[in-house]
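In order, the protein sequence lines correspond to chains C and W. For the first sequence, position 112 matches number 112 in this note's numbering, and the numbering has no gaps at all. For the second sequence, position 30 matches number 30 in this note's numbering, and the numbering has no gaps at all. Remarks on the structure that follows.
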Amino acid sequence: MTNHPIFTDNDPQKETITLNLGPTHPATHGVFQNILEMDGERIVSGVSTIGYIHRAFEKIAEHRPFYQITPLTDRMNYCSSPINNMGWHMTVEKLLGIETPKRVDYLRVIVMELARISDHLICNGILGVDTGAFTGFLYLMEEREHIYEIYEEICGARLTTNIGRIGGFERDFNDIAFAKIKNFLVKFPPILKEFEVLFNRNRIFIERTSGVAPVDPETALNYSWSGPILRATGVDYDVRVNEPYSSYQDFDFDIPVGTSGDVYDRYIVRNEEMWQSLRIIEQALQKIEKEPKGVFHANVPEFYLPPKEEVYNNMEALIYHFKIVMGEIDTPKTEVYHAVEGGNGELGFYLVNDGGRSPYRLHFRRPSFINYQMYAPMSAGMLLSDAIINMSSLNVIAGELDA
Amino acid sequence: MGKISNQQVIQSLTLKFGDRISVPNEPFGLLTLETSVDHISEVLRFLKEDKELKFNYLTDITGIHFPEQKLSIGVIYHLHSLSNNVRVRIKVFLDGSTPNIPTATTLWEGANWMERETFDFFGIIFDGHPNLIRILNVDDMTVFPMRREHPLEDPNRVDKKDYFFGR
């Protein structure tokens, strides 16, 4: 879209009007600006402007040791920050050749699937709000709060979690955390069921979403879509299955796919993924029972900080603590790409290492950024109200879009 | 894992391109090869359209800067063959004074913003790109901030020099 009408056409007899949707429009749920050329209610063309909250994470990451990059990843997709954290830890572990114990993998799977549920809850809840159904959103928000309480029990934080460390977790899950997870598994399904009863066969909701912004698989692949919106078009690409990480191969779960790729299909795919996530968490809890208790990190003293009391009372621990903090440990000079299935799609970390303690180059393959670029072209010809729910169902998170 | 091995990918590429692609290596199992700016379009097209390889999914395009090399600017493509479940990484290194490379938007629409981002941060010119303007940074920025000559911190500070950080 080189020549946008608003930049070239100053004709006073122009029949379309220019509309700024955003950057702070309440219906866009984030900092997105779209300059739309409108013919009545219909969008003729549009240009997306992004970068309003660009924070130069890639540049900052070149100057931070590996373990200080985790908080940067929190702030990309802040609706499911544990997935970003774990993805980063696993990238570094891949680089350093660290094998994590099975129990750590399962604990991570629990946290990541909880994060996926909370991500999809937001998206589907907000989709309801945008189509005029506020009730479902309020039902679901309470459950998101319960997920955040579980995070809080595990790591102390709620939104920007900085959860886990390179090699595992900073501490074991306590009994309250396990009790809260089990409680969630009991309390959440009826509420999700109720949400589905409100929406799935709701005539207003179906007429509002079905057939809106349909995407065929070829176009979606051509635009490098990934995640639930790609699966809604019928492509069964899920990183958890294609390249299992964190022992996802041990779990039995289905990958829901849609047929038409419209807003309704995306909604259904996300809902079904939440059910599958619940299945995974249940299996993970069972598997953890069989693993040796109290294992919550890999045995890698060169990279995993020793407990504080050890540092003060034990010579080796002090040495390792010093070496980790001062970056005295050699790392392999190589490059690694690691991808995880984030809430929105394939979240990739491309890390080029020169042997220092911070990356030479770190690139985030951010699904929101890549998914969003189709938004303006696909909006052409759409009604404005449809474009709003289309954006809602793409679940573009401004933090991840701009990094 | 993959339905075709990295060896098969190398074989069909060498059969087609011979020595126009470099000796490949496989860090962490991800086939990595290097080609020159003159052949990158053909290599990408071949990988995408070959009936067996089917690298139809463009995962990512990004750049890298090695100021001490003669060919200082690198462009890195990650492709994914979804049906075969194999990834491949292709690198092209460009002269720092003329960082021009043909666009991949003719093959994938999705390359549009990836190339704009790479241009924005590294100043790599993608010839034939329909709309090569800055995307994340402000329009009136004059430098390409991810190049190594631009420091992150205030250059007068001495407490955050790189040599304190292991290099």
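A virtual CB, placed ideally from N, CA and C, is assigned to each residue, including glycine.
Lysine 290(C) is classed as exposed because its beta carbon has fewer than 16 other beta carbons within 10 Å across all chains shown. For the stretch 227–261 of chain C, the continuous alpha helix (DSSP H) assignments of 4+ residues that do not extend past its boundaries occur at 228–232, 239–242, in sequence order. Assignment of alanine 104(W) by DSSP, reduced to helix, strand and coil, places it in the coil class.
Apart from sequence neighbours up to five positions away, the residues of its chain that approach arginine 64(C) with a beta-carbon distance below 8 angstroms are Leu72, Ser358, ordered along the chain. Below 8 angstroms, too few C-beta pairs join the stretch 260–274 of chain C and the stretch 134–142 of chain C to call them touching: fewer than three. An exposed status is given to serine 5(W), since fewer than 16 other beta-carbon atoms sit within 10 Å of its beta-carbon.
For valine 300(C), no beta strand (DSSP E) segment is defined, and its DSSP state is neither H nor E.
Within the same chain, no residue comes within 7 angstroms of glutamine 249(C) by CB-CB distance, once the 5 residues on both sides are set aside.
Boundaries for methionine 76(C): no beta strand (DSSP E) harbours it, and the DSSP string shows neither H nor E there. Nearest C-alpha to glutamate 218(C) among Ile280(C), Met86(C), Ile229(C), Ser210(C): Ile229(C).
Contact annotation: arginine 75(C) and glycine 399(C) have beta-carbon atoms nearer than 8 angstroms.
Scanning the stretch 28–108 of chain W from its first residue to its last, the whole beta strand (DSSP E) runs of 3-plus residues come out as 31–35, 57–65, 73–81, 86–94, 100–102. Taking 8 angstroms as the cut-off, the beta carbon of valine 352(C) is found closer than this to the beta carbon of isoleucine 64(W). The count of Cβ pairs closer than 8 angstroms, one atom from the stretch 6–21 of chain W and one from the stretch 38–53 of chain W, reaches three, so the stretches are in contact.
Linking glutamate 316(C) to phenylalanine 303(C) through their CA atoms gives a straight-line distance of about 13 angstroms.
Residue burial is scored here from C-beta neighbours: asparagine 156(W) has fewer than 16 other C-beta atoms within 10 angstroms and is therefore classed as exposed. Across the stretch 47–72 of chain W, CB contacts with chain C closer than 7 angstroms involve Asn56, Tyr57, Leu58, Thr59, Asp60, Thr62, Ile64, in sequence order along the chain.
The count of Cβ pairs closer than 8 angstroms, one atom from the stretch 206–215 of chain C and one from the stretch 91–98 of chain W, stays below three, leaving the stretches out of contact. Using a CB distance cut-off of 8 angstroms, histidine 63(C) counts as an interface residue toward chain W. Annotation for leucine 30(W): Arg87, Arg89 place their beta carbon closer than 7 angstroms to its own, counting only its chain and skipping 5 residues before and after. Contact annotation for histidine 29(C) against chain W: no contact, minimum CB-CB distance about 20 angstroms [criterion: below 9 angstroms]. Counting other Cβ atoms within 10 Å of its Cβ, threonine 259(C) stays below 16 and is therefore classed as exposed. Taking C-beta atoms as the reference points, serine 246(C) and threonine 161(C) fail to come closer than 8 angstroms.
According to DSSP, arginine 165(C) shares a beta bridge with Gly168(C). If you look at isoleucine 288(C), you'll find it in the alpha helix (DSSP H) that goes 263–290. One Cα belongs to glutamine 7(W), the other to lysine 182(C), and the distance between them is close to 47 angstroms.
One alpha carbon belongs to aspartate 105(C), the other to tyrosine 57(W), and they sit about 29 angstroms apart.
Short of 6 angstroms from the beta carbon of isoleucine 329(C), and not among the five residues preceding or following it, lie these beta carbons of its own chain, in chain order: Glu302, Lys323. Around the Cβ of isoleucine 122(C), a 10 Å sphere holds 16 or more other Cβ atoms; the residue is buried.
Counting only runs of at least 4 residues, the stretch 340–395 of chain C fully encloses the following alpha helix (DSSP H) elements, listed from N- to C-terminal order: 367–372, 375–379, 384–394. Contact between valine 340(C) and tyrosine 372(C) does not hold, since the beta-carbon distance rounds to 19 angstroms and is not under 8 angstroms. Scanning Pro145(W), Lys70(W), Thr59(W) for the CA closest to the CA of arginine 365(C) turns up Thr59(W). Residue burial is scored here from C-beta neighbours: lysine 308(C) has fewer than 16 other C-beta atoms within 10 angstroms and is therefore classed as exposed. Under DSSP, isoleucine 125(W) takes part in a beta bridge, and its partners are Asn100(W). Contact with chain C is absent for phenylalanine 119(W), since none of that chain's Cβ atoms lies less than 8 angstroms from the residue's Cβ. For arginine 240(C) and threonine 233(C), the gap between their C-alpha atoms comes out near 18 angstroms.
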